[in-house]
Amino acid sequence: SIEQVRGELAFKDAVFGYGDGPVIMDRFDLSIPAGQTVAVVGQTGAGKSTLAKLIARFYDLRSGSLTLDGVAIKDLSNEQLRRHVVMVTQEAFLFSGSVAENIALGRPGASLQEIQDAAKAVGAHQFILDLPDGYDTDVNKRGGRVSAGQRQLISFARAFLADPAVLILDEATSSLDIPSERAVQHGLQTLLGNRTALIIAHRLSTVQIADRVLVVHGGKIVEDGSPQQL
Ligand code: ATP
Ligand code: MG
354 SIEQVRGELA FKDAVFGYGD GPVIMDRFDL SIPAGQTVAV VGQTGAGKST LAKLIARFYD
414 LRSGSLTLDG VAIKDLSNEQ LRRHVVMVTQ EAFLFSGSVA ENIALGRPGA SLQEIQDAAK
474 AVGAHQFILD LPDGYDTDVN KRGGRVSAGQ RQLISFARAF LADPAVLILD EATSSLDIPS
534 ERAVQHGLQT LLGNRTALII AHRLSTVQIA DRVLVVHGGK IVEDGSPQQL
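Residue numbers (the UniProt record's numbering): 354 to 583.
As C-alpha cells, then:
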C-alpha cells in the first residue's frame, strides 16, 4: 500500500475495450512523472475520456498495467483511490445542497474555515459571498443559481480541499465570457500546484500552461511534446 504518494503514473502495454466490445487502446504506453501537467487533445472519439476514466478506475484494463508510484491502480483500496486520484468532470457536477456542502465533498468533515480557505485559493470566495445566502446558498435553487464558470470554480475548490496527488480534469467545452474564462484559468493554475494532472483540454489557454501535450488519435498517442513544439 502507499501513503506518501508522489503521483507518478505509468501505463505499460495496456489493452482496453469497453465490455466485450472492440479494443480501444492496444498496447498503450505512457509515463507521466510526478507533478507534470499533461494536456490531452484530439478529435471526438479519439480516446481522451477513456484515458481519464482508466486512471480514475471507472474501468479495468484487459491486460497490461497502470500504476501509481509503481503500485497497480487496480490494487488500491477505494479509500486510497478516492484520496489520491480526483476527477473533475465536464459537467462540473454539483449536488443539490449548499455551496459549502458541495465544496466539503472534497473532504468530508472539513470545517467551514477549511472550505472557505479552499474557495479563496481558487478564487471562488468573493462570488460565493455575493450569492443570496453566501456559503449556505442552495446551488440548484432559483436565485441561488450559479453560472457555468462559477460551477467550475466550486468544483475546483472541492478538488483543492481533497488535495489529491493526481488530478484528472475533463475540461468543460461550454464557452465562458472573458472575465469568467480568466477566473477559471486562474483557479485552475492554483489547483494544479505541484500535483500530477491530466487535463482533457478544450481551451488553448490550458494547452499553453501544460508542461506536455499529448495528441491522441484512435486510442494512440500520435504526438507528444511541449506546447511550444506542437
Ligand atoms: P470526445 O472528444 O467526444 O469526448 P473522446 O476522445 O473522449 O471523445 P472516448 O469517449 O474516450 O473519446 O471514446 C473512445 C472510443 O470509445 C470511441 O470509439 C467511443 O465510441 C468508445 N466509447 C466511449 N465510451 C464508451 C462506452 N461507455 N461503451 C462503449 N464504447 C465507448
Ligand atoms: Mg471525451
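Idealized CB from N, CA, C, for every residue including glycine.
Span of the alpha helix (DSSP H) holding H555? Neither: H555 is in no alpha helix (DSSP H) and is coded neither H nor E.
How about Y371: is its Cβ closer than 6 Å to a heavy atom in the ligand ATP? yes
Is any heavy atom of the ligand ATP found at a distance shorter than 6 Å from the C-beta of I377? yes
Helix, strand or coil for L362, going by three-state DSSP, please let me know. strand
In chain order, what residues of the same chain have a beta carbon less than 6 Å from the beta carbon of A457, not counting five sequence neighbours either side? These residues qualify, in order along the chain: A463, I468.
If you count every other CB in all the chains shown that lies within 10 Å of the CB of F411, and 16 or more means buried, which is it? exposed
With a Cβ-Cβ cutoff of 7 Å, do L447 and R504 count as a contact? yes
Tell me the DSSP secondary structure of F369 in three-state form. Taken through DSSP and simplified to helix, strand or coil, F369 comes out as strand.
Quick check on DSSP: helix, strand or coil for T549? strand
Is G400 near the ligand ATP, in the sense that its beta carbon is under 6 Å from a heavy atom of that ligand? With a threshold of 6 Å, the Cβ atom of G400 counts as near the ligand ATP, since some heavy atom of the ligand is closer than that.
Please confirm whether any heavy atom of the ligand ATP lies closer than 6 Å to the CB of T526. no
Give the range of the beta strand (DSSP E) segment to which G398 is assigned. Element bounds for G398: n/a, residue is neither H nor E.
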